[in-house]
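Protein chains in written order, with this note's numbering: chain B, 1 to 113; chain P, 114 to 227.
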Amino acid sequence: AQSVTQLDSHVSVSEGTPVLLRCNYSSSYSPSLFWYVQHPNKGLQLLLKYTSAATLVKGINGFEAEFKKSETSFHLTKPSAHMSDAAEYFCVVSDSTGNQFYFGTGTSLTVIP
Amino acid sequence: DTEVTQTPKHLVMGMTNKKSLKCEQHMGHRAMYWYKQKAKKPPELMFVYSYEKLSINESVPSRFSPECPNSSLLNLHLHALQPEDSALYLCASSQASGRVPYFLFGPGTRLTVL
């Protein structure tokens with residue numbers, strides 16, 4: 001069975017400082033992993049996806065994530081936080097068929113001016 | 114066209130009303146989904162259509178009735194809803210097979226049941 005654990009429900013950073021949002025996964029096969037961002041009262045936007053082609057994945061808006069099989073992790077990072085990054089972030093894993101997607105509980109990112 | 118559209122953006126309805134939510138995509142995706150999302154929570158899966166057939170129904174009450182008229186359209190018919198059904202309803206699509214799957218989400222319909 002697949003599952004995702006987002007280790008922090010809230011993260012607060014100052015503008016211009018690095019962002020780290022943590023995600024650990026459990027999967028019985030080589031997983032497909034995703035990060036989505038949701039701004040208030042909006043739908044979910046795909047930030048990046050891991051496809052097994054490269055362990056370091058670059059996404060939109062300066063975000064990137066590194067797949068570490070030995071640690072079963074897929075943490076999301078950004079070198080310098082911007083006020084517009086304040087949002088809810090979801091880590092997601094898909095099943096082997098690609099028809100089912102399993103969400104983490106989400107991490108709320110606050111950026112302090 | 115690389116997006117999922119949803120209408121209406123906002124909907125207010127009474128408990129005796131009948132209304133429908135609409136979702137559309139023209140990317141050739143063969144899997145379409147309805148999710149319900151409460152504030153500060155992850156989306157909860159309601160229904161999955163794969164190749165226009167209902168493949169997953171997550172024990173959703175019968176007051177929610179999905180319909181997939183064709184491969185581009187997905188509807189959610191609402192009848193006799195309860196105030197606790199107030200939420201953001203998200204539609205998503207994905208390729209059912211082949212390349213790495215991922216969701217494309219619509220912007221959602223904010224539903225308020227009075």
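Positions of the beta carbon are idealized from the N, C-alpha and C atoms, including for glycine.
Give a yes or no on whether 8 Å exceeds the smallest Cβ distance from Leu20 (chain B) to chain P. no
With C-beta atoms as the reference, is Ala206 (chain P) less than 8 Å away from His142 (chain P)? For the sequence presented, residue 206 (chain P) should be read as Ser rather than Ala. Yes.
Interface partners of Phe74 (chain B) on chain P, CB under 8 Å: Near Phe74 (chain B) there are no residues of chain P at all, since even the closest Cβ is about 14 Å away, more than 8 Å.
Lys49 (chain B) versus B:Val93, B:Val19, B:Glu71, residue with shortest Cα-Cα distance: B:Val93
Against chain P, with Cβ distances strictly below 8 Å, would Gly62 (chain B) count as a contact? no
Compute the Euclidean distance between the alpha carbons of Tyr164 (chain P) and Ser184 (chain P), then round it to the nearest angstrom. 7 Å
Contact under 8 Å by Cβ, Val13 (chain B) with Ala65 (chain B): no
Between which two residues does the beta strand (DSSP E) holding Gln183 (chain B) run? In the structure as shown, chain B starts at 1 and stops at 113, and residue 183 (chain B) therefore has no counterpart that could be examined.
Might you give, ordered along the chain, the residues of its own chain that have their beta carbon closer than 6 Å to the beta carbon of Leu186 (chain P), omitting 5 neighbours on each side? Glu137
Please report the distance separating the alpha-carbon of Pro174 (chain P) from that of Met128 (chain P). 14 Å
Under 8 Å, do Leu189 (chain P) and Lys131 (chain P) count as touching if we go by C-beta distance? no
7 Å CB neighbourhood of Phe216 (chain P) in its chain, flanking five on each side removed: Ala205, Ser207
Just mark Ala54 (chain B) as buried or exposed, buried being the case when its beta carbon has 16 or more other beta carbons within 10 Å. exposed
Less than 8 Å between the C-beta atoms of Trp35 (chain B) and Leu47 (chain B), yes or no? yes
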